[in-house]
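Protein chains in written order, with our numbering: chain R, 8 to 266; chain X, 8 to 266. Every residue gets a Cβ at the ideal spot worked out from N, C-alpha and C, and that includes glycine. Quick caveat: nothing in here was measured; it's all calculated off a predicted structure.
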């Protein structure tokens, strides 16, 4: 049987601890090529680099694992892998992460980790975004690796996959034995309210720094990713990209004159 | 009656021609505050600036129109307006654009224009993203202004609005009299295939530059935004942000073990 080829990327940069954890997950299923940003690209969403040249360098090559650093966004990294670097090969799966910090609820929209996973799913193979609900640079990834392997294993074992398939997986902070299991979930409804941190820089110019709090608009709903995560479960939300609001589409026929 | 307050933003920067066109649309409905990026932020999607301080400056103030330049992304601009600058006021509508280049189909995901419009819709007022299918710096915005006014007028005249409401409006290139009307549409399915433009920089280092072609996966479907635009209509797609793939959610119960 042909060895599987797994593309790994992230938004925290090729040198992050979460990248090593994602490579560990991927390596248990086949050969790994990682193409990840040079430095942190958190919050970069589905951004692409249109007006700058990008540089690629190979950081590391060893048995079954190659790691590249790319100067673009997470989505640029995925495009680089599929459309240039691995153009002649068949990629079987994309793993993006493991992110330092959760990407549940509306955070899927802002997340560079999920931007890259979504992009990967456009190329005809399954894509899994993995995030750990712990922002600490020294976070313990053991549970995320364990559940990452389990979920990726299930996805690769699926004999009748339906594509596109993109999963947003979030793992609670804590030791593996503290996790209560996996919950398939829908994306929680909620939003961020920001408080701009406001100071003067060393030259006396006022600056702003984004900071804020997530407002869960449906804390009681037990079928959401936020609920699962808050209650000690790994949440798995399948993600798609048709943003059409079909409810509004029907209603707007009475509001907007189509002449 | 209280004068309406319209927030204007974009991803091409406060000094772009499309910004002036968007302000013209907005000004016909009330007082205008524009908060837009210092320079181009095309392709920035829903990106937010997490690791840098941001600077705000007032560029212009005249009767009924204030313009601010902000050093962040389009989404940062919207957050700055709602959460700081206009925190004590009620914003009635957000207009993002008018973008130089269309944002139909999957481009809604990469677009900074639509990132900002989507963000605006999170704050409890309608949001309209306006894009013109013409990348030329000297593009003719007359049709986009005309149809922008018509659609924004219809949205503001709606006596029983259902929120959130976010519209992705794309206007074909050409003179107003060439446009055949408005079509409510769904987001076309398609994707980008990239070709990396590859050269050597002045110091002999190889660089890559993103370039590519959009592949319309359903060119025959007459209910999509791509079809409308290609056939001379203004397309209007209502946009929502629950990315949950409910079809997969049901099917995955058999694939992923929830233990």
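Any Cβ of chain R closer than 8 angstroms to the Cβ of residue 90 (chain X) would place that residue at the interface, and such an atom is present.
For residue 114 (chain R), the uninterrupted alpha helix (DSSP H) run begins and ends at 114-117, by DSSP. Beyond the five residues adjoining it in sequence on each side, residue 162 (chain X) comes within less than 8 angstroms, by CB distance, of 100, 133, 135, 168, 172 and 174 in the same chain, given in chain order. Judged by DSSP secondary structure, residue 169 (chain X) falls outside any beta strand (DSSP E); it is assigned neither H nor E. Restricting attention to R:244, R:59, R:262 and R:253, the CA atom closest to the CA of residue 257 (chain X) is found in R:244. Straight-line measurement puts the Cα of residue 217 (chain X) at about 9 angstroms from the Cα of residue 59 (chain R).
Collapsing the DSSP output to three states places residue 125 (chain R) in a helix. When rounded, the separation of the alpha-carbon atoms in residue 178 (chain X) and residue 160 (chain R) is 46 angstroms. Spanning the alpha carbons of residue 16 (chain X) and residue 157 (chain R) requires a straight line of approximately 44 angstroms. Using a Cβ-Cβ cut-off of 8 angstroms, residue 226 (chain R) does not count as an interface residue toward chain X, since no Cβ of chain X sits closer than that to its own.
For residue 117 (chain X), the nearest CB of chain R lies under 8 angstroms from its own CB, placing it at the interface with that chain.
Considering only R:85, R:151 and R:149, the residue with the shortest C-alpha distance to residue 130 (chain R) is R:85. Using beta-carbon distances, residue 263 (chain X) counts as an interface residue toward chain R, with a partner under 8 angstroms.
With a 10 Å radius around the Cβ and a threshold of 16 neighbouring Cβ atoms, residue 193 (chain X) comes out buried. Given a length threshold of 3 residues, each whole run of the beta strand (DSSP E) inside the stretch 11-67 of chain R is given here in chain order: 11-16 and 37-44. Relative to the Cα of residue 90 (chain R), the nearest Cα in the group X:64, X:215, X:187 and X:120 belongs to X:215.
In this structure, residue 119 (chain R) sits near residue 52 (chain R), with a CB-CB distance shorter than 8 angstroms. For the pair residue 102 (chain R) and residue 95 (chain X), the Cα-to-Cα distance works out to about 44 angstroms. Rounded to whole angstroms, the gap between the alpha carbons of residue 146 (chain R) and residue 239 (chain X) is 54 angstroms.
At least 8 angstroms separates the CB of residue 234 (chain R) from every CB of chain X.
At least one beta carbon of chain R lies nearer than 8 angstroms to the beta carbon of residue 122 (chain X). Here residue 258 (chain R) carries a helix assignment [DSSP, helix/strand/coil].
With contacts defined as CB atoms closer than 8 angstroms, residue 195 (chain X) and residue 111 (chain X) qualify as a contacting pair. The Cβ neighbour count for residue 185 (chain R), taken over all protein chains shown within 10 Å, is under 16; the residue is labelled exposed. Going by DSSP, residue 245 (chain R) is part of the beta strand (DSSP E) stretching over 240-245. For residue 140 (chain X), no CB of chain R lies under 8 angstroms from its own CB, so it is not counted at the interface with that chain. Secondary structure within the stretch 190-235 of chain X: the beta strand (DSSP E) runs of 3 or more consecutive residues, fully enclosed, are 197-207 and 213-223 (chain order). Fewer than three Cβ pairs drawn from the stretch 72-80 of chain R and the stretch 199-211 of chain R lie within less than 8 angstroms of each other, which leaves the two stretches out of contact. Rounded to whole angstroms, the gap between the alpha carbons of residue 187 (chain R) and residue 181 (chain R) is 11 angstroms. Residue 260 (chain R) and residue 54 (chain X) do not touch by the CB rule: their CB atoms are close to 33 angstroms apart, not below 8 angstroms. Chain-order list of chain R residues neighbouring residue 201 (chain X): 86 and 90, by C-beta distance under 7 angstroms. Residue 68 (chain X) has a beta carbon lying at 8 angstroms or more from every beta carbon in chain R.
Among the residues facing chain X, residue 209 (chain R) is not included, as its CB has no counterpart in that chain under 8 angstroms away. Counting along the chain, the unbroken alpha helix (DSSP H) around residue 158 (chain X) starts and ends at 149-164. Taking a 10 Å sphere around the C-beta of residue 255 (chain X), we find 16 or more other C-beta atoms and assign the residue as buried. Residue 81 (chain R) is positioned such that its CB atom lies no closer than 8 angstroms to that of residue 140 (chain R).
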